[in-house]
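Participant:
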Amino acid sequence: VGLFLRGRLPSSISVVGLSATLAPGKDTEAVCASLGLFHGCYRMIRRTNERPNIQISVQILTHGLAGYEFPDLLPFLASGRKAIIHFQSLPTLFRCYVYLWRIQPSTANKLRRVRMYHSLCPPAYNEKTIQLIDGDPRCQIILATIAFSNGINARSLLDSISLAPAKTLDILVQDKGRLARVPDALGRGIILVSKTTLTLAEKRIKSLSNPLPLLPTKKSKGGRKSKTANSMNSAMAQFLTESHCYIAFLNKHYQNPPLSTSSLDCIAANRALPCSLCLQRSEQNLDFPAPPDTPRFPPLAAPDSSSKPANSSSKSRLTRDERKLAKKHLQKFGTRLQQLEHKRGRFLEHPRSLFLPSSIQSTLLDKMLSISSLSDLQSTVHTWRHRDSHCMSLYQVILEIQTEIGVDRDEAREARNAAARAKRREKRKAEETEDDEEEADEDGEDDASENDEMDVSRNPSKKAKHTPLDDLTNTTKTRKKPEPQRSAALIAQEYGPGYKTRVRR
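Sequential numbering from 1 applies to the sequence shown in the UniProt record's numbering.
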């Protein structure tokens, strides 16, 4: 585009380029070169692209994206805030649309609450979707592809959920930039990542520190290329593996001024909406309520888990160590809940044990791994005093516990499998050693017998001796009598039919 425009404009006309996601270095040099702007011949003005009213959160998926259920979306959609869900492929978008259609009540206007925005939709439908985002209060959820990332101003959107990260960090920042266009609004930028993607990001970081020659990409059985660490964008890999502060990383990546404060983490910079990493360290509890004029939507009820057959296996029960870990998280949640309510000036006379009673904790620990949706949790803690106001926060804590337990179980299973493989290798090695020893013994016995025969042949004195009076006359070999030759009639009868033939007269 830059070469096309610059080649058709005279040199006397000034060129101004604006971008919200142009990182210093190679990206800036490439864009400036395409516009005919070379070092020393233009002026660069860099402003910050940080959005103080948007929280950045990265969470691990509890369910894969290849199926037809997406329960990780329900905690964010249940609040009633207008949200856009970004997808990296159209098949995943269609399956999620079917899932949201299926879990809505039969009396709901399903075509009005959830809409799609992608290149296969007619242009009139996409334009109508943009109008309904701000004009229709009952249009809550937009399922979109990369077509919604640039050049669209929807002032009512408050939540942006990326179901799997974007291909590049610039696209991810553009996705989150669609939110909270009103200054007083509080936006949430959520990135849901699978464990496989995090593993690829870690491998990508290792490959950057130890560059090796690229190997040809393997193809799967279906003919598609399998994902490799080298295929991931390096900036995206660094962002996903960040362990201190996501916002500080973005400010350093884009060199947002002033770096003396923008490079600090959310706690040190005293940001109003700390990222998910800093939020864990600060032990704060953020609330993202829906606007006051938001209509009351019917609940998005996931398929009832009670209709499924009860699973009494050990996989659905917590071990002793897992129970201790989960109880520790629940107690921390009760403490945070007490502090939050006391700051609001409510329930000042209640002790900490009443905010999350031990009976509720025992029930949650017994059903920890069977809670798969917000409705399951609401039915489990129906006697809890704070269910209506803090059930969503409790559900997020339960999802964190389930994720941590799942990761620990996967690591333990991998360790057991590695130990079993090592044991099998040792067993095979021991069997091979025994076989080699047996073969060596057999070879030794064969060599000994051959040596004995050779000694006998070389030493004729070792043969049995005969006295002069022994009879050594050779005996005549008796011949066997030949079988009598059969007649041709008998042989013909053997090859003839087994029944009596009819004789013609």
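By construction, the Cβ of each residue, glycine as well, lies at the ideal position given by its N, Cα and C atoms.
If you measure from the CB of S12, is any heavy atom of the ligand SAH nearer than 6 Å?
Facilitator: The ligand SAH is not part of this structure, which contains no ligands at all.
Participant: Leaving out the 5 sequence neighbours to the left and right, which residues in its chain are closer than 7 Å to F333 when beta-carbon positions are compared?
Facilitator: L356, L394, V397
Participant: Terminal residues of the continuous beta strand (DSSP E) containing D159?
Facilitator: 159-163
Participant: Short of 8 Å in beta carbon distance, which residues of its chain neighbour G64, apart from the five on each side in sequence? Order them along the chain.
Facilitator: Cβ neighbours of G64 beyond the five flanking positions: S194.
Participant: Comparing C-alpha positions only, which one of P75, S79, P298, L369 sits nearest to R409?
Facilitator: L369
Participant: Could you give the uninterrupted runs of the alpha helix (DSSP H) lying entirely in the segment 319-390, keeping only those of 4 residues or more?
Facilitator: Uninterrupted alpha helix (DSSP H) stretches at least 4 residues long and entirely within the segment 319-390 occur at 320-343, 358-366, 374-380, given in chain order.
Participant: Can you tell which of L192, A154, P351 has the C-alpha that lies nearest to the C-alpha of H86?
Facilitator: L192
Participant: Contact between the segment 54-71 and the segment 134-152: three or more CB pairs below 8 Å?
Facilitator: The segment 54-71, when compared against the segment 134-152, does not touch it at the 8 Å Cβ threshold.
Participant: Helix, strand or coil for A30, going by three-state DSSP, please let me know.
Facilitator: helix
Participant: Can you give me the C-alpha to C-alpha distance between P257 and V16, rounded to a whole angstrom?
Facilitator: 21 Å
Participant: Between H253, S375, S282, which has its C-alpha nearest residue 506's C-alpha?
Facilitator: The shown model of the chain, from 1 to 505, leaves out residue 506, and the question about it has no answer.
Participant: Would you check if the distance between the CB atom of R403 and the CB atom of V173 is smaller than 7 Å?
Facilitator: One detail in the question is off: residue 403 reads as Thr in this sequence, not Arg. Against a cut-off of 7 Å, the Cβ pair of V173 and T403 comes out as no contact.
Participant: Compare the beta carbon distance of R323 and L279 with 7 Å and say whether it is the shorter of the two.
Facilitator: no
Participant: For the beta strand (DSSP E) holding H86, just list the boundary residues, first then last.
Facilitator: 83-86
Participant: Nearest-angstrom Cα distance between L5 and T199?
Facilitator: 42 Å
Participant: What's the gap between the Cα of L163 and the Cα of Q88?
Facilitator: 8 Å
Participant: Opposite R115 in the DSSP bridges: which residues?
Facilitator: Within the DSSP secondary-structure output, R115 pairs in a beta bridge with I142.
Participant: Between the segment 148-158 and the segment 169-185, can you find at least three pairs of beta-carbon atoms closer than 8 Å?
Facilitator: yes
Participant: Following the continuous alpha helix (DSSP H) through Q174, name the residue where it begins and the one where it ends.
Facilitator: For Q174, the enclosing alpha helix (DSSP H) has its first and last residue at 169-176.
Participant: Please report how far the alpha carbon of A248 lies from the alpha carbon of R46, in whole angstroms.
Facilitator: Between A248 and R46, the C-alpha separation is close to 17 Å.
Participant: Which residue wins for smallest C-alpha separation from L18, given the options H39, N49, S12?
Facilitator: For the residues H39, N49, S12, the minimum Cα distance to L18 belongs to N49.
Participant: Is L208 buried or exposed, if buried means 16 or more other CB atoms sit within 10 Å of its CB?
Facilitator: exposed
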